[in-house]
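Reading through the structure tokens given below for one structure.
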Amino acid sequence: MISKLENLVGFNQRALGLRATRQELLSGNIANADTPGFKARDFDFAKAMQNVQSPQRVQHSSLATTAPGHIGMADFRSITSVPKQYRVPQQPSIDGNTVDMDTERMQFMDNAIRYDAGLTFISGQFRTLLSAIREGN
Amino acid sequence: MSLFSVFNVAGSAMAAQSQRLNVVASNLANADSATSSTGEAYRSRQVVFRTIDVSADKAKGVKVAGVVHDPSPMRVVHDPKHPMADEKGYVTLPNVNVVDEMVNMMSASRSYQNGVDMMNVTKTLLQKTLSIGQ
Chain A
662 MISKLENLVG
672 FNQRALGLRA
682 TRQELLSGNI
692 ANADTPGFKA
702 RDFDFAKAMQ
712 NVQSPQRVQH
722 SSLATTAPGH
732 IGMADFRSIT
742 SVPKQYRVPQ
752 QPSIDGNTVD
762 MDTERMQFMD
772 NAIRYDAGLT
782 FISGQFRTLL
792 SAIREGN
Chain B
12 MSLFSVFNVA
22 GSAMAAQSQR
32 LNVVASNLAN
42 ADSATSSTGE
52 AYRSRQVVFR
62 TIDVSADKAK
72 GVKVAGVVHD
82 PSPMRVVHDP
92 KHPMADEKGY
102 VTLPNVNVVD
112 EMVNMMSASR
122 SYQNGVDMMN
132 VTKTLLQKTL
142 SIGQ
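These protein sequences, in sequence, are chains A and B. If you count by the working numbering, then the first sequence holds residues 662 to 798, one letter each, in order. If you count by the working numbering, then the second sequence holds residues 12 to 145, one letter each, in order.
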């Protein structure tokens, strides 16, 4: 049952996780719009999505932990390990800051709407499931 | 829930920008202060922003690393009647550039608004997340 649930909502759940991570990254860019030398960062959503989906990247405790202080290998599908890239500035500023407020605000709103869409999809899936459980009532 | 750290990031930006507004207010208020507690004319202050880590490796907030004194030369005016005038009749006045400060103020207030907007958008998203499946 649980694995069926994972099959049903897993994709959207991971997409939402990535959207939340991206939202956080973009908010950091906007917050640092006036910090000298700050480089705006972002990630390629399609690539990151493929990354968290691909099964060959799942590694469960492949590191040997021979002493109580050792830490095992983390799950590779963790959404926090998405590769970030620096944004190419359209109008570089003299203080080394590469935050372009128009781009960042646009991406921030775009990401928020897509997160919202993800929520709608996942809600719909749960409603479908509930409808099946209640035999259509 | 990583969306919560957007609040920390936006909050840090708002705190930093409000400190910048405070410094601008101080500069504008003292644009003509010929003397101070140290006996010297007021020197313009400027904030220096620095990036800080808010969560593990993603979110970058901002904080005021320090308030520095503007090293630009002071304004010297010839006014022999002024009580602070030297023996040649020159008065040293603050190096506050009022136009610069007004621009600084507008920039700070816009950046503050950005912080507020980020918080509002994130609040809406979180509220919708809480109502999944309802």
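Ideal Cβ placement from N, Cα and C applies to all residues, glycine included. Predicted model only: the values in this text are computed from it and were never measured.
Alpha carbon to alpha carbon, what distance is there between B:Val-87 and B:Ser-37? B:Ser-37 and B:Val-87: Cα-Cα distance of roughly 20 Å.
Please confirm whether B:Ala-45 and B:Leu-104 have their CB atoms less than 7 Å apart. Yes; because the gap between Cβ atoms is below 7 Å, this pair is in contact.
Using beta-carbon positions only, say whether B:Ala-27 and B:Val-73 come within less than 7 Å of one another. Result yes, Cβ atoms of B:Ala-27 and B:Val-73 sit closer than 7 Å.
For A:Gln-768, which option in A:Glu-796, A:Val-713, A:Arg-680 has the closest C-alpha, if you only look at C-alpha atoms? Considering only alpha carbons, the answer is A:Arg-680.
Under three-state DSSP, which class holds A:Asp-736? Summary for A:Asp-736: the model assigns pLDDT 45, below 50, so the residue's position carries little reliability, and this model does not support an answer.
In the DSSP assignment, find the unbroken beta strand (DSSP E) run with B:Gln-57 in it and report its ends. Segment 56-64, the beta strand (DSSP E) holding B:Gln-57.
Give me, in chain order, the residues of the same chain whose beta-carbon lies closer than 6 Å to that of A:Gln-717; leave out the 5 immediate sequence neighbours on both sides. Only weak support exists for where A:Gln-717 lies, its pLDDT of 49 falling under 50; the value from the coordinates is given anyway. Excluding sequence neighbours, A:Gln-717 sits near nothing in its chain.
Contiguous beta strand (DSSP E) assignments of at least 3 residues, all confined to the segment 63-135 of chain B: Here the runs fully enclosed are 71-80, 86-89, 101-104.
Going by the CB atoms, is the gap between A:Arg-748 and A:Ala-701 shorter than 7 Å? Contact flag set, yes.
Label B:Ala-21 either buried or exposed according to how many other C-beta atoms from any shown protein chain fall within 10 Å of its C-beta, with 16 as the threshold for buried. Buried, by the Cβ-count rule.
Hey, does B:Val-127 have any beta-carbon neighbour from chain A nearer than 7 Å? Chain A, which has no Cβ nearer than 7 Å to the Cβ of B:Val-127, makes this no.
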